[in-house]
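Engineer:
Numbering (our numbering), first residue to last: 34 to 114.
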(Lines of atoms letter the chains of each structure in order from A; the text may use other names.)
(Lines give C-alpha, C1' and ligand atoms only; values in the text may rest on other atoms or scores of the structure.)
Protein backbone atom coordinates (compact mmCIF):
# COMPACT_ATOMS: atom_id res chain seq x y z
CA UNK A 34 0.00 0.00 0.00
CA UNK A 35 1.35 3.38 -1.01
CA UNK A 36 1.17 6.48 1.14
CA UNK A 37 -0.94 8.36 -1.41
CA UNK A 38 -3.64 5.66 -1.15
CA UNK A 39 -4.34 6.50 2.51
CA UNK A 40 -7.10 8.83 3.64
CA UNK A 41 -6.97 10.76 6.93
CA UNK A 42 -9.75 8.49 8.26
CA UNK A 43 -7.52 5.45 7.70
CA UNK A 44 -5.11 6.55 10.44
CA UNK A 45 -6.16 5.11 13.80
CA UNK A 46 -4.72 4.72 17.26
CA UNK A 47 -3.64 1.34 18.58
CA UNK A 48 -6.76 0.74 20.66
CA UNK A 49 -9.01 1.53 17.68
CA UNK A 50 -7.04 -0.86 15.46
CA UNK A 51 -7.36 -3.57 18.11
CA UNK A 52 -11.14 -3.12 18.26
CA UNK A 53 -11.45 -3.16 14.48
CA UNK A 54 -9.24 -6.19 13.77
CA UNK A 55 -8.97 -8.20 16.98
CA UNK A 56 -5.15 -8.17 16.84
CA UNK A 57 -3.58 -7.33 20.23
CA UNK A 58 -1.84 -3.98 20.57
CA UNK A 59 1.47 -5.62 21.42
CA UNK A 60 1.43 -7.42 18.07
CA UNK A 61 0.62 -4.19 16.22
CA UNK A 62 3.55 -2.42 17.91
CA UNK A 63 5.81 -5.37 17.08
CA UNK A 64 4.82 -5.24 13.38
CA UNK A 65 5.63 -1.52 13.36
CA UNK A 66 8.97 -2.10 15.07
CA UNK A 67 9.91 -4.72 12.50
CA UNK A 68 8.89 -2.46 9.60
CA UNK A 69 5.94 -4.56 8.42
CA UNK A 70 3.53 -1.66 8.89
CA UNK A 71 4.18 2.06 9.13
CA UNK A 72 3.57 4.30 12.10
CA UNK A 73 2.63 7.92 11.87
CA UNK A 74 3.03 10.80 14.28
CA UNK A 75 -0.33 11.74 15.77
CA UNK A 76 -1.40 15.27 16.58
CA UNK A 77 -0.81 16.51 20.09
CA UNK A 78 -4.39 17.76 20.33
CA UNK A 79 -5.88 14.30 19.69
CA UNK A 80 -6.49 11.68 22.34
CA UNK A 81 -6.84 7.96 21.83
CA UNK A 82 -10.22 7.88 23.53
CA UNK A 83 -9.33 5.47 26.32
CA UNK A 84 -8.25 8.08 28.85
CA UNK A 85 -4.64 8.08 27.73
CA UNK A 86 -2.78 10.27 25.32
CA UNK A 87 -1.19 8.28 22.49
CA UNK A 88 0.82 10.00 19.81
CA UNK A 89 1.39 7.06 17.46
CA UNK A 90 -1.12 6.25 14.75
CA UNK A 91 -1.23 3.32 12.35
CA UNK A 92 -2.80 2.80 8.92
CA UNK A 93 -5.84 0.58 9.37
CA UNK A 94 -5.73 -0.89 5.82
CA UNK A 95 -2.17 -2.13 6.43
CA UNK A 96 -3.19 -3.73 9.71
CA UNK A 97 -6.21 -5.38 8.09
CA UNK A 98 -3.96 -6.91 5.40
CA UNK A 99 -1.71 -8.44 8.04
CA UNK A 100 -4.61 -9.41 10.32
CA UNK A 101 -5.97 -11.70 7.61
CA UNK A 102 -3.02 -14.07 8.14
CA UNK A 103 -2.58 -13.46 11.89
CA UNK A 104 -2.93 -16.46 14.17
CA UNK A 105 -2.44 -16.08 17.90
CA UNK A 106 0.27 -18.23 19.39
CA UNK A 107 -1.05 -20.64 22.00
CA UNK A 108 0.41 -20.16 25.42
CA UNK A 109 2.31 -22.95 27.09
CA UNK A 110 0.54 -25.03 29.69
CA UNK A 111 1.80 -24.39 33.20
CA UNK A 112 3.88 -27.21 34.58
CA UNK A 113 2.34 -29.30 37.31
CA UNK A 114 4.03 -28.80 40.65
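Yeah, the Cβ is synthetic: ideal placement off N, Cα and C, and Gly gets one too.
Using a 10 Å radius around the Cβ and a threshold of 16 neighbouring Cβ atoms, would you call residue 91 buried or exposed?
Structural biologist: Residue mapping note: residue 91 aligns to position 58 of the chain shown, counting from 1. It counts as buried.
Engineer: Between residue 53 and residue 108, what straight-line distance do the alpha-carbon atoms span, to the nearest angstrom?
Structural biologist: Your numbering for residue 53 matches position 20 in the chain shown. Your numbering for residue 108 matches position 75 in the chain shown. For residue 53 and residue 108, the distance between alpha carbons rounds to 23 Å.
Engineer: Please report the straight-line C-alpha distance between residue 110 and residue 95, rounded to a whole angstrom.
Structural biologist: Within the chain shown, numbered from 1, the residue matching residue 110 stands at position 77. Within the chain shown, numbered from 1, the residue matching residue 95 stands at position 62. Answer to the nearest angstrom: the Cα atoms are 33 Å apart.
Engineer: Excluding the 5 residues preceding and the 5 following residue 100 in the sequence, name in chain order all residues of the same chain whose CB lies nearer than 6 Å to its CB.
Structural biologist: As a position in the chain shown, residue 100 is number 67, starting the count at 1. Excluding sequence neighbours, residue 100 sits near 54, 56.
Engineer: Which residue marks the beginning of the alpha helix (DSSP H) containing residue 63, and which one marks its end?
Structural biologist: Mapped onto the chain shown, residue 63 falls at position 30. Where residue 63 is concerned, the enclosing alpha helix (DSSP H) stretches over 58-66.
Engineer: Starting from residue 51, trace the alpha helix (DSSP H) both ways and give me its first and last residue.
Structural biologist: Start at 1 with the first residue of the chain shown, and residue 51 comes out as number 18. Counting along the chain, the alpha helix (DSSP H) containing residue 51 begins and ends at 47-54.
Engineer: Could you name the residues of the same chain whose beta carbon sits closer than 8 Å to that of residue 43, not counting the 5 residues immediately before and after it, in chain order?
Structural biologist: Counted from its first residue, the chain shown places residue 43 at position 10. 92, 93, 94, listed in sequence order.
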